[in-house]
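A.B. asks: Please find one structure pasted underneath; my questions will follow.
2 protein chains.
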Amino acid sequence: MKNKYTSIYSKLVLLIEEGKYEPGDTLPSEHELCAQFDTSRETIRKSLNLLAQNGYIQKVRGKGSVVLDHSKFEFPVSGLTSFKELANQLGKDFQTHVHELVVQQADSPVRERLNCKKTDNLWKITRTRVIAGEGIILDKDYIRQDIVPGLTKSICENSIYDYIENQLQLEISFAKKEIVVETVTEEDQQLLDLQGHQQVVVIRSYVYLSDATLFQFTESRHRPDKFQFVDFARRTKV
Amino acid sequence: MKNKYTSIYSKLVLLIEEGKYEPGDTLPSEHELCAQFDTSRETIRKSLNLLAQNGYIQKVRGKGSVVLDHSKFEFPVSGLTSFKELANQLGKDFQTHVHELVVQQADSPVRERLNCKKTDNLWKITRTRVIAGEGIILDKDYIRQDIVPGLTKSICENSIYDYIENQLQLEISFAKKEIVVETVTEEDQQLLDLQGHQQVVVIRSYVYLSDATLFQFTESRHRPDKFQFVDFARRTKV
DNA sequence: AAGTGGTCTAGACCACAAC
DNA sequence: TTGTGGTCTAGACCACTTT
């Protein structure tokens with residue numbers, strides 16, 4: 007909410023979500039928005055580009071900015087949403103059980119994945135996400151201790167992202183993810199309520215700060231019947 | 007390649023992919039790039055923003071544009087990549103078998119999904135994707151005939167997207183996708199080589215043109231052991 | 001202090017859609 | 001013809017990192 011254009015973006019998102027502008031409507035023209043928000047056109051255009059990137063509008067030359075039906079997709083797991091936000095959106099009762107919170111020398115395949123030296127210390131965190139009494143997700147996080155010091159069990163039970171962004175004031179910027187289906191391991195069987203499922207959906211994420219440092223690798227293992235991933239992809243024309 | 011900023015973007019992508027700039031390097035400063043490409047700073051910034059959105063660089067204030075390790079992720083299924091592009095990237099021998107290509111009145115749940123009238127005609131296309139001799143993917147497409155006329159079996163065996171973009175000169179702009187895991191249907195068992203798998207990964211996509219019209223709904227059913235989805239997600243700071 | 005990217009401006013010209 | 005968004009410019013000021 008600090009820049010002009012993100013604050014205008016937020017206001018327009020509100021108006022769309024409140025139904026002031028409905029799917030199929032066009033927003034006021036860029037010229038009009040300039041007047042409404044007392045700003046220049048390029049600034050308005052930055053706000054509208056943000057809306058387009060996030061699936062709220064589609065800009066059509068000669069016509070205007072058409073409002074899309076954003077409600078159909080609630081984007082529950084898309085982007086960098088953390089588990090806590092996800093659970094809040096789902097509105098279900100949930101818990102997080104911390105099974106392991108240790109510091110280890112970076113070793114084996116994980117060190118390679120995190121691009122770090124032999125001497126770097128890594129947090130290893132193993133947690134299960136329990137929804138409506140059932141262990142649904144097994145999260146295995148590896149986090150660089152030099153960047154994120156002071157983790158506690160309590161922090162891990164709530165939201166590590168909260169701690170990183172609000173306490174440590176670090177900015178999480180982007181993530182690369184891979185989604186595949188794999189056969190369950192012994193650990194999966196011990197820590198999840200698999201109900202006979204023989205496979206889990208595995209999301210492997212590499213998470214970066216805004217200064218481009220890779221500080222976290224996460225393996226998130228989901229019971230397949232409870233898995234959902236939603237994506238909004240805009241085409242980059244070459 | 008028509009705009010200045012997309013052409014500069016393409017040139018920079020090339021330089022990065024050729025290794026002229028390696029991961030960890032910084033690109034020349036915006037000021038320098040202005041001189042190199044004989045253009046204004048805002049134009050250079052548009053190019054750099056495109057690079058950032060697509061995971062090639064991370065811009066760091068006070069430092070510069072840091073090149074990321076883009077090679078690790080080949081983005082095989084991300085975005086709006088069509089099957090043909092995917093297969094080309096995988097470099098495997100593949101075929102497409104067309105089982106059904108019919109026009110039907112929009113009915114049942116599909117009409118609702120495509121937001122179209124009872125009287126609209128829809129193509130229904132059922133295809134299997136065969137990789138290295140095995141039926142791996144079952145694609146069921148529903149496409150508005152008023153927007154995409156003239157489909158033939160031959161087009162469906164190659165690339166419908168090619169036909170839409172190059173023959174019909176329509177611009178595909180964005181898609182909303184949902185990924186879930188479901189139990190196999192009888193149709194899956196008939197048309198795929200499931201090798202005993204009891205579940206498939208289902209990608210449901212809603213595809214839009216650049217004028218915001220929804221013209222296609224696709225259900226893509228993947229054998230789980232051959233499924234992979236890669237995602238690059240940049241955080242939108244509110 | 002110097003160099004970097006981040007934001008914002010006021011204006012120009014163009015391409016496309018609607019009237 | 002008018003109005004829409006798309007591109008591009010030249011310049012200003014700010015915030016941050018490095019020297």
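Line by line, the protein sequences give chains A and B.
Residues in the first sequence are numbered from 7 upward in steps of one, following my numbering.
Residues in the second sequence are numbered from 7 upward in steps of one, following my numbering.
C-beta: ideal position from N, C-alpha, C; glycine also.
Small disclaimer: the values here were computed from a predicted structure and weren't measured.
Using a Cβ-Cβ cut-off of 6 Å (strictly less than) and excluding sequence neighbours within five positions of Tyr11 (chain B), which residues of its own chain qualify?
C.D. replies: Mapped onto the second sequence, residue 11 (chain B) falls at position 5. Only Thr49, Lys52, Ser53 meet the Cβ criterion.
A.B. asks: For Phe100 (chain B), tell me which candidate among B:Val73, B:Gly70, B:Ala138 has the shortest Cα-Cα distance.
C.D. replies: The residue given as residue 100 (chain B) occupies position 94 in the second sequence. Minimum Cα distance to Phe100 (chain B) is reached at B:Ala138.
A.B. asks: Please report the residue range of the alpha helix (DSSP H) in which Leu18 (chain B) lies.
C.D. replies: In the second sequence, the residue the question calls residue 18 (chain B) occupies position 12. Note, Leu18 (chain B): alpha helix (DSSP H), 10-23.
A.B. asks: Using only the alpha-carbon positions, how far apart do Ile166 (chain B) and Phe223 (chain A) sit?
C.D. replies: Here residue 166 (chain B) corresponds to residue number 160 of the second sequence, with the count starting at 1. Here residue 223 (chain A) corresponds to residue number 217 of the first sequence, with the count starting at 1. Near 38 Å, if we compare the C-alpha coordinates of Phe223 (chain A) and Ile166 (chain B).
A.B. asks: Rounded to whole angstroms, what is the Cα-Cα separation between Arg133 (chain B) and Arg229 (chain B)?
C.D. replies: Taking the second sequence and counting its residues from 1, one reaches residue 133 (chain B) at position 127. Taking the second sequence and counting its residues from 1, one reaches residue 229 (chain B) at position 223. Using only the alpha carbons, I get a separation of about 14 Å.
A.B. asks: On a Cα-Cα basis, can you pick out the residue from A:Val154, A:Leu39, A:Asp168, A:Ile131 that is closest to Leu144 (chain A)?
C.D. replies: Counting from 1 along the first sequence, the entry for residue 144 (chain A) is found at position 138. Per the Cα distances, A:Ile131.
A.B. asks: I'd like to know if Thr158 (chain A) contacts chain B, where contact means its C-beta is closer than 8 Å to some C-beta of that chain.
C.D. replies: Along the first sequence, read from residue 1 onward, the residue named residue 158 (chain A) stands at position 152. Taking Cβ atoms only, chain B never reaches closer than 8 Å to Thr158 (chain A), which makes this a no.
A.B. asks: Considering only C-alpha positions, which residue in the set A:Tyr62, A:Gly68, A:Gly156 is nearest to Leu246 (chain A)?
C.D. replies: Beyond the ends of chain A as shown, which are 7 and 244, falls residue 246 (chain A); an answer cannot be given.
A.B. asks: Using a 10 Å radius around the Cβ and a threshold of 16 neighbouring Cβ atoms, would you call Leu20 (chain B) buried or exposed?
C.D. replies: Counted from its first residue, the second sequence places residue 20 (chain B) at position 14. When all chains shown are included, Leu20 (chain B) counts as exposed.
A.B. asks: Using CA coordinates, which residue listed in A:Thr191, A:Phe221, A:Ala239, A:Gln201 is at the minimum distance from Phe180 (chain A)?
C.D. replies: By one-based count along the first sequence, residue 180 (chain A) stands at place 174. When each option's Cα is compared against that of Phe180 (chain A), the closest is A:Phe221.
A.B. asks: Which residue's Cα is closest to the Cα of Asp237 (chain B): A:Leu215, A:Leu200, A:Val186?
C.D. replies: The count along the second sequence starts at 1 and reaches residue 237 (chain B) at position 231. Comparing Cα-Cα distances from Asp237 (chain B) to each of A:Leu215, A:Leu200, A:Val186, the minimum goes to A:Val186.
A.B. asks: Mind reading off the beta-carbon distance from Leu56 (chain A) to Tyr15 (chain A)? Whole number of angstroms is fine, and I expect it under 8 Å.
C.D. replies: In the first sequence, counting from the first residue as 1, residue 56 (chain A) sits at position 50. In the first sequence, counting from the first residue as 1, residue 15 (chain A) sits at position 9. Right, the Cβ-Cβ distance comes to about 4 Å (below 8 Å), so this counts as a contact.
A.B. asks: Check the C-beta distance from Val154 (chain B) over to Leu174 (chain B) and give it rounded, since I have them as a contact under 8 Å.
C.D. replies: Taking the first residue of the second sequence as position 1, residue 154 (chain B) is located at position 148. Taking the first residue of the second sequence as position 1, residue 174 (chain B) is located at position 168. Contact holds; Cβ gap of about 7 Å.
A.B. asks: Would you say Glu23 (chain A) lies against chain B (beta-carbon separation less than 8 Å)?
C.D. replies: The residue given as residue 23 (chain A) occupies position 17 in the first sequence. So no, Glu23 (chain A) is outside the interface.
A.B. asks: From Leu74 (chain B) to Pro29 (chain B), what distance separates their C-alpha atoms?
C.D. replies: Position 68 of the second sequence holds residue 74 (chain B). Position 23 of the second sequence holds residue 29 (chain B). Leu74 (chain B) and Pro29 (chain B): Cα-Cα distance of roughly 5 Å.
A.B. asks: Indicate whether Glu177 (chain B) and Leu215 (chain B) have their beta-carbon atoms separated by less than 8 Å.
C.D. replies: Reading the second sequence from its first residue, position 171 is the one you call residue 177 (chain B). Reading the second sequence from its first residue, position 209 is the one you call residue 215 (chain B). Their beta carbons are under 8 Å apart, which means Glu177 (chain B) touches Leu215 (chain B) by this criterion.
A.B. asks: Please report the Cβ distance between Glu225 (chain A) and Arg210 (chain A), rounded to the nearest whole angstrom; I am assuming they are in contact, meaning their Cβ atoms lie under 8 Å.
C.D. replies: Within the first sequence, numbered from 1, the residue matching residue 225 (chain A) stands at position 219. Within the first sequence, numbered from 1, the residue matching residue 210 (chain A) stands at position 204. Yes, they are in contact, since the Cβ atoms of Glu225 (chain A) and Arg210 (chain A) sit about 5 Å apart, within 8 Å.
A.B. asks: Helix, strand or coil, according to DSSP, for Tyr167 (chain B) in the structure here?
C.D. replies: The count along the second sequence starts at 1 and reaches residue 167 (chain B) at position 161. Tyr167 (chain B) falls in the helix class under three-state DSSP.
A.B. asks: Which residues in the same chain as Leu197 (chain B) place their Cβ atom closer than 7 Å to its Cβ, once the five residues preceding and following it in sequence are excluded?
C.D. replies: As a first step, residue 197 (chain B) is located in the second sequence; it is residue number 191 there, counting from the start. Excluding sequence neighbours, Leu197 (chain B) sits near His105, Thr134, Gly141, Leu144.
A.B. asks: For His103 (chain A), which residues in the same chain have their Cβ closer than 7 Å to its Cβ, ignoring the five residues on either side in sequence?
C.D. replies: Counting from one through the first sequence, the residue named residue 103 (chain A) turns up at place 97. Cβ within range, chain order: Arg133, Thr134, Val136.
A.B. asks: Just the chain B side, please: which residues come within less than 8 Å of Leu56 (chain A) by C-beta, in chain order?
C.D. replies: Counted from its first residue, the first sequence places residue 56 (chain A) at position 50. In chain order: Thr242.
A.B. asks: Quick check on Arg227 (chain A): buried or exposed, where buried means 16 or more other Cβ atoms within 10 Å of its Cβ?
C.D. replies: Position 221 of the first sequence, counted from the start, is the residue given in the question as residue 227 (chain A). Label assigned to Arg227 (chain A): buried.
A.B. asks: Determine the chain B residues that contact Ser179 (chain A) at a beta-carbon separation under 8 Å, and present them in chain order.
C.D. replies: Counted from its first residue, the first sequence places residue 179 (chain A) at position 173. Within 8 Å Cβ-Cβ: Gln64, Arg240, Arg241.
A.B. asks: Here's a check: name, in chain order, each residue in its chain whose Cβ is nearer than 7 Å to the Cβ of Gln151 (chain B), leaving out the five neighbours to either side.
C.D. replies: Sequence index remark: in the second sequence, residue 151 (chain B) carries index 145 (1-based). Closer than 7 Å at Cβ, skipping near neighbours: Val109, Asn127, Leu128, Trp129.
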